[in-house]
Amino acid sequence: MNINDSNIKKAVKYLNNEECIGIPTETVYGLAANAYSNKATKKIFNLKGRPANNPLIVHYYNIQDLEKDCVTNALFYKLYKSLSPGPITFILKLKNQSKISKNVTNNKKTLGVRFPSHRIARTLLKSLKYPLAAPSANISEGISPVTKDDVYDEFGEKIKFVLNGGRSKVGVESTIISLVKKPQILRLGGLDISILNKKLKLKLEKRLHSRGNINSPGRKRVHYSPGIPIRLNAVKIKKDEALILIKKRKENNKNYFYLSKTNNLIESVKNLYKTLRKIKKLGYKKIAVQRIPNRKFGLVINDRLLRASQK
Ligand code: TXA
Ligand code: MG
């Protein structure tokens, strides 16, 4: 698609009319609206059933646009240069003269920003005069969508338009890094964080589990839930369960669902949400998951499963 493509034009029209629409990104699909508009951003919260105190991420086309709204620093430029556009969200200080709607930040002085690499998302952002606020396009606390059909699955008739960008390549949300005070990783995600250390010689502290009075409510423990119980580190499948596996077993079983057949963790993370959604749709009442190694993207899978399995 290019800027003159009729679907991009349609998307621009909806957004200029302060509507929210579904958009593809390389991580997951987003529910997008003009980040400068109070009216448009309010619609995101209403559609998702999202608490007003859970701030949204804003998506930019380039750094010049971002500099109008945020205070940047040396570490930001360093990370941006090697990792953007891509599956990374930066938390930065908001500028006083920023036009970002107060709904986006919940009146706070920081902003989550991201430069998606998906070609269609970039074409859309380039065609607009404002950045896009976009949380994952799912009902609050549910599973993030990775195709346009997943978005319709979540919102049905309530959503007016979804821009189709095929299946999200990464399949899990962006990695969130706060650069406001001491740099910290707030959410594991689509970025392989081992490269921070290897390539950039950075060792960042992790602060993943929010406790009590927190600045990122969406990182609370119950999240990404398919709405049915999940049993972790399962060896044998029990009656009525769907078993999620990452390595091929000799025996066939219609209740086995593979994220990968070869222990491939990148493939597994890509298939995670799709598989959880599929199992739920098939009507299973319980899910069991084989032990997933706690390394590389296994860490992300375990993080999401742990949150999804909280009652
Ligand atoms: O990959 C992604 O990041 C996707 C795509 C659509 O870009 N978006 C996404 O947005 O996952 P959402 O809203 O589902 O998750 C964003 C998380 C939330 O947990 C929110 O609490 C946190 O980022 N967040 C947003 N602004 C923040 C801020 N200023 N400080 C700390 N956490 C923030
Ligand atoms: Mg989300």
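Mapping the sequence shown onto the numbering used here, position 233 (from 1) lands on 642, and the numbers just tick up by one. C-beta: ideal position from N, C-alpha, C; glycine also.
Check	Outcome
Buried versus exposed call for I604 [16 or more other C-beta atoms within 10 Å across all chains shown]	exposed
For L572, three-class secondary structure by DSSP	coil
Y438: CB within 8 Å of a non-hydrogen atom of ligand 1	yes
Close beta carbons around K508, own chain, < 6 Å, minus the five adjacent residues each side	Y445
Neighbour flag for L492 against chain D, beta carbons, 9 Å	No chain D appears in this structure, which consists of one protein chain only.
Closest by C-alpha distance to L641, when choosing among T556, L652 and E476	L652
beta-carbon E614 near ligand 2 non-hydrogen atom, thresh 8 Å	no
Meets three-Cβ-pair contact criterion under 8 Å: the segment 416-435 and the segment 519-531	yes
E676, DSSP secondary structure in three states	helix
Inter-residue spacing [alpha-carbon to alpha-carbon] between Y423 and Y682	28 Å
Given L533 as reference, the closest of K679, K694, I430 and L708 once Cα atoms are compared	I430
For L424, the first and last residue of its enclosing alpha helix (DSSP H)	S415 to N425
Three-state class that DSSP yields for I466 in the structure shown	strand
Same chain only: Cβ atoms within 7 Å of N548, ignoring 5 sequence neighbours per side	Reading off the sequence shown, one finds Ile at residue 548, where the question assumed Asn. So the list reads K457, G458 and E563, once near-sequence residues are dropped.
At least three beta-carbon pairs within less than 8 Å, the segment 469-476 to the segment 549-560	no
Through-space distance from L488 to K608, alpha-carbon basis	11 Å
C-alpha gap between V513 and P635, whole angstroms	26 Å
Contact under 9 Å by Cβ, V579 with L501	no
Secondary structure of N704, DSSP reduced to three states	Correcting the residue type first, residue 704 is Arg in the shown sequence and not Asn. It is coil, neither helix nor strand.
Rounded straight-line distance, which links the Cα of D649 to that of N413	51 Å
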